[in-house]
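Notes follow once the structure below has been shown.
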Ligand SMILES: [Zn+2]
Ligand SMILES: [Zn+2]
């Protein structure tokens, strides 16, 4: 199925759940939090976060398979997944107007991460990551976190970085 420019199609492993993602993400990052890590059975997860306000058209739209989407809450997120194949499809943040999804599911999307988040919860694997991106203890202040870094030198690099979040967290 053709999709308009700037729209990416995504589906789950079994293909029953199909959705589209449109527009600029607020942030692109790797999440090391223990909830994401366990849920996805990996050390860290590639994540895209979008604005999600009830009075605006959603960036993430379900096209097919609503009856297969199940969800549960953990780590402040309502995590939606396909109940047939178990693929994590998207998350909704409970406390603020944001939604997240996973770039690996989006056909043709070029993932451009700018940071590592929740590094204080990371397991030993963090040491092996030498991509030069800042590693936050939790979140940058723009996303409601402390803005503290796992290692002090990243604080200075981040202050001068052109890759800070595209826009602040919506209130
Ligand atoms: Zn599925
Ligand atoms: Zn996480």
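Numbering (my numbering), first residue to last: 390 to 560.
By construction, the Cβ of each residue, glycine as well, lies at the ideal position given by its N, Cα and C atoms.
- In the DSSP assignment, residue 430 falls outside any beta strand (DSSP E) and carries neither an H nor an E.
- Residue state for residue 528 is assigned as coil, using DSSP reduced to three classes.
- By the criterion of at least three beta-carbon pairs nearer than 8 Å, the region 445-454 is not in contact with the region 509-516.
- Counted as a single uninterrupted DSSP element, the beta strand (DSSP E) harbouring residue 471 occupies residues 466-471.
- When the Cα atoms are used, residue 523 and residue 425 turn out to be separated by approximately 19 Å.
- Bridge partners of residue 417 according to DSSP: 437.
- Taking C-beta atoms under 8 Å as the contact rule, residue 408 and residue 416 fail to qualify, at a distance of about 19 Å.
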